[in-house]
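Under our numbering, think of the first position of the sequence shown as 608, with each following residue one higher.
Right, one structure below, let's go through it.
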Amino acid sequence: MKFEVGKKLEPFCCDTICQDGVSAEDLTEGLPTMFLFLRYYGCRICQLDLRDLDLGYEAVRRAGGRVVAVLQSKREILEAAAEEKPFPYTVICDPDQKLYRQFEILPAADRDELKGGDAPKKSARAVEMGLVHGEYEGNELQLPAAVLVDGEMTVRYAHYGTNAADTPPVEEIVRLIKGL
608 MKFEVGKKLE PFCCDTICQD GVSAEDLTEG LPTMFLFLRY YGCRICQLDL RDLDLGYEAV
668 RRAGGRVVAV LQSKREILEA AAEEKPFPYT VICDPDQKLY RQFEILPAAD RDELKGGDAP
728 KKSARAVEMG LVHGEYEGNE LQLPAAVLVD GEMTVRYAHY GTNAADTPPV EEIVRLIKGL
């Protein structure tokens, strides 16, 4: 079922880096929470999104919210990444793409669609920062999505990306949380 503003988020259970079988509601801790559905950890654009989130996460917390990143990566890969630099937010491991199917987060039709919009610019920024493409996982054509729920699990914002770079920046996440 697609995300729909004004409706309750369809319940789900998932595995995080640290824990199996966690409910969406438990992940929010009763706070406004942005669920960011990215591709997989090896993707440079996704690494850049996570790095930007690392740098801006304190602003998200000051705004009274949380972010949960969802990746089509295996737990072992994310655990290794967290050993190098711990994530200040929760990361869901969804290598089987269960949540992507549940919420109808579709892949791009082809590589041209995936690389549209700001994807070339964001990819170039990732290269400039020295980010290296890692292991290929999940669906290589996967598009991102973002959904913000309030403390009652009602969807307040929903966005289905049209290219690999089409995710809300941290500043927008903060603005959306403050607007609740």
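Beta carbons: idealized from backbone N, C-alpha and C, even for Gly.
Item                                                                                                            : Value
Alpha helix (DSSP H) segment containing Thr623, residue limits                                                  : From DSSP, Thr623 is part of no alpha helix (DSSP H) but of the beta strand (DSSP E) over 620-623.
Selected residue, minimal CA-CA separation from Pro702, among Met736, Arg669, Arg668, Asn746                    : Asn746
Neighbour-count burial assignment, Lys729, 16 or more Cβ in a 10 Å radius                                       : buried
Contact set for Gly637: own chain, Cβ-Cβ below 6 Å, skip 5 residues either direction                            : Gly758
Any alpha helix (DSSP H) of 4 or more consecutive residues that is wholly inside the region 633-675             : 651-669
Same chain, Cβ closer than 7 Å to Ala830, five either side skipped, listed in chain order                       : Residue 830 falls outside the range modelled here, since the chain spans only 608 to 787, and no answer is possible.
For Pro618, the nearest candidate out of Ala752, Glu778, Met760 (CA to CA)                                      : Met760
Cβ-Cβ distance between Leu750 and Ile712 below 8 Å                                                              : yes
Beta carbon of Ala688 nearer than 8 Å to that of Leu643                                                         : no
Extent of the continuous beta strand (DSSP E) run through Ile699                                                : 697-700
Outcome for Glu744 when other beta-carbon atoms lying within 10 angstroms are tallied against a minimum of 16   : buried
The alpha helix (DSSP H) enclosing Ala726, as first and last residue numbers                                    : 726-735
Cβ-based burial, Asp627 [other Cβ within 10 Å; buried from 16]                                                  : exposed
Own chain partners of Val698 with C-beta closer than 7 Å, once the 5 adjacent residues on each side are dropped : Thr623, Ile624, Ala676, Leu678, Leu685
Distance, Ala731 Cα to Tyr648 Cα                                                                                : 17 Å
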